[in-house]
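Have a look at the structure below, then the notes.
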Amino acid sequence: MATMLDCRRVQPLLSEYVDGALSEETAWDVKMHVASCAVCQRVADDFAGTAELLGGLAHVEPSANFESVLAARLADLSVKPHRPSLREQVSEWWYARGSVGRPALASAAAFAFVVPLIMVTLTLRQGAVDAVNGTAVVKQSNAAASPASDAEALERLYDDHAAYSSSLLLGDSSAVLTPADSRL
Amino acid sequence: MNLARSLTLTHSDSTLIARCQKADIAAFNEIVARYKGKIFNYVYRMTGSMEDAEDLTQEVFVRMYTNIGSFRAEASLSTWLFRIAGNLCVDAFRRGKKERGVVTSLDAPTRGDDPDEAHGTRDVPDWSHEPTALLSRKELGAEIQGALQKLPPKLRSAVVLHDIEGLAYDEIAVAEGIPLGTVKSRIFNARVALREHLRPYLES
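Just so you know, the sequences run in chain order A and B.
Residue numbering for the first sequence follows this note's numbering, beginning at 1 and increasing consecutively.
Residue numbering for the second sequence follows this note's numbering, beginning at 1001 and increasing consecutively.
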């Protein structure tokens, strides 16, 4: 039973495993499982094999007259490059690295917006409190709960992966499966 | 001449974009020369048709030219072009004109414009007796392209961008406009399907 659970958790990670995209710790866990599981070893080899087949495909190139056809297409359409609008120019300036004055402008804008907002909110809230005669209950969000431990995070990662492949255990179509495993 | 050419080729994407935004046609042509191969290859693997790939790749650069003013320097030109190309492929599939290989009748004539495809036939391969070692690269390429065509376009795009175009997971997330986790699951699911379709070539 333990092997079954391990396979269900490991197989969704095998694609990232063959790409070297897992964290060092998770990759080690997967490696240890794969070393002792012929089914998952086979799936990992197959995933690497598909990547190799696709990577080995011939690179196709456009026709020799691609540029001339494109030039004619642009000319026929009377296409002109899009001139940036005022909004786009402002946006470009705003996001440009090292824009002078951006921090100051941002602070001023935030101040000008936030201060009236706080005043209005406080006024309305005071009114609401008065209306219920001081019995208003403020519910606190628990969204900022203490962070989960690493083990819990890894568990959740496994579960997330298992969610989209819970009905898919790849061993059942592998030739290496033993009859005892076929019920998987 | 050679020195001038090599200097030209060293222009960064951001430099070329800045020039292109000032209607510098030479910069535009250089961007086309730099990326037409990658975009064409991606679109071809998506559509399975050289003709459609040519047409859609042309459209990618038309869109780039007309929208270059709204391109933000922080983004990668490469991922932006792949995003335009992917959207155009999806539009083409929705119009139902470009998708091939999924519902194509075996009796329908082949187009004969596929470099990986065996000429003139659309026989169902009998892999059980096929000596895969004897398959030519061309025939193997046709089988792999056929397997790609059987994938849903979203899975196909993710696995083509990763395994053929060499984009990293996070680059695909930007190009496709999807979360990183979705990229991983699409590539995983694509490989699960490809594993079934290409089993004879994986066992050899």
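Note that CB positions come from ideal geometry on N, CA and C, so glycine has one too.
G1177 (chain B) sits in coil when the DSSP states are folded into three classes, being neither helix nor strand.
Pairing I1172 (chain B) with V1183 (chain B) gives a Cβ-Cβ distance under 7 Å. Burial check for Q89 (chain A): the Cβ neighbour count within 10 Å stays below 16, so the residue is exposed. In the displayed model, D1052 (chain B) falls within a helix according to three-state DSSP.
The beta carbon of A1193 (chain B) sits closer than 6 Å to the beta carbons of L1151 from its chain, once the five residues preceding and following it are set aside; these are given in chain order. Counting only the Cα atoms, L1056 (chain B) lies some 43 Å from W28 (chain A). Neighbours of N1041 (chain B) in chain A, taken as residues whose beta carbon is under 7 Å from its own, are H59 and V60 in chain order. The CB of A110 (chain A) never comes closer than 9 Å to any CB in chain B; the least such distance is about 22 Å. Residues of the segment 1157-1171 of chain B with a Cβ closer than 9 Å to any Cβ of chain A, in chain order: V1159, V1160, H1162, D1163, I1164, G1166, A1168 and Y1169. Taking 7 Å as the cut-off, the Cβ atoms of L1148 (chain B) and R1137 (chain B) do not count as close.
G1037 (chain B) has its alpha-carbon roughly 15 Å from the corresponding atom of M1064 (chain B). Judged by DSSP in its simplified three-state form, H1197 (chain B) adopts helix. Apart from the 5 residues on each side of it in sequence, F47 (chain A) sits with its Cβ closer than 7 Å to the Cβ of L14, S15 and V18 in its chain, given in chain order. Counted as a single uninterrupted DSSP element, the alpha helix (DSSP H) harbouring S1078 (chain B) occupies residues L1077 to R1095. A distance of 7 Å or more separates the beta carbons of Y1044 (chain B) and L1081 (chain B).
Cβ-Cβ distances below 7 Å link F1061 (chain B) to V1032 in the same chain, with the five nearest sequence neighbours on each side left out; the list follows chain order.
The residue among A:C40, A:D6, A:A21 and A:K31 with its C-alpha nearest the C-alpha of I1187 (chain B) is A:A21.
Under a 10 Å Cβ-count criterion, D1170 (chain B) is classified as exposed, with fewer than 16 other Cβ atoms of the shown protein chains found around its own Cβ.
When DSSP states are grouped into helix, strand and coil, A1023 (chain B) belongs to the coil group.
Among the residues of chain B, none has a CB under 8 Å from the CB of L22 (chain A); the nearest is roughly 10 Å distant. In this structure T1079 (chain B) touches A1175 (chain B) by the C-beta definition: roughly 4 Å separates them, less than 8 Å. For I1039 (chain B) against L54 (chain A), the beta-carbon gap comes to about 17 Å, at or over 8 Å, which does not count as contact. Close to chain B, meaning a Cβ-Cβ distance shorter than 7 Å, are the following residues of the segment 34-64 of chain A: D46, F47, G49, T50, A51, L53, L54, G55, L57, A58, H59, V60, E61, P62 and S63. With a threshold of 7 Å between beta carbons, E25 (chain A) makes no contact with chain B.
Within a 10 Å sphere around the beta-carbon of R1094 (chain B) sit fewer than 16 other beta-carbons, which makes this residue exposed.
Rounded to whole angstroms, D6 (chain A) and P12 (chain A) show a C-alpha spacing of 11 Å.
Residues of chain A whose Cβ lies closer than 9 Å to the Cβ of F1082 (chain B) do not exist; the shortest such Cβ separation is about 16 Å. Among the residues facing chain B, L86 (chain A) is not included, as its CB has no counterpart in that chain under 7 Å away. Taking a 10 Å sphere around the C-beta of R1072 (chain B), we find fewer than 16 other C-beta atoms and assign the residue as exposed.
Under the 7 Å criterion on CB atoms, Q1058 (chain B) is classed as interfacial with respect to chain A. With contacts defined as CB atoms closer than 7 Å, V69 (chain A) and C40 (chain A) fail to qualify as a contacting pair.
A check of alpha carbon separations from I1144 (chain B) across A:E24, A:R8 and A:E52 identifies A:E52 as the nearest. For S91 (chain A) and S1070 (chain B), the gap between their C-alpha atoms comes out near 9 Å. Taking a C-beta distance under 7 Å as the contact criterion, L1016 (chain B) and A1023 (chain B) do not qualify as a contact pair.
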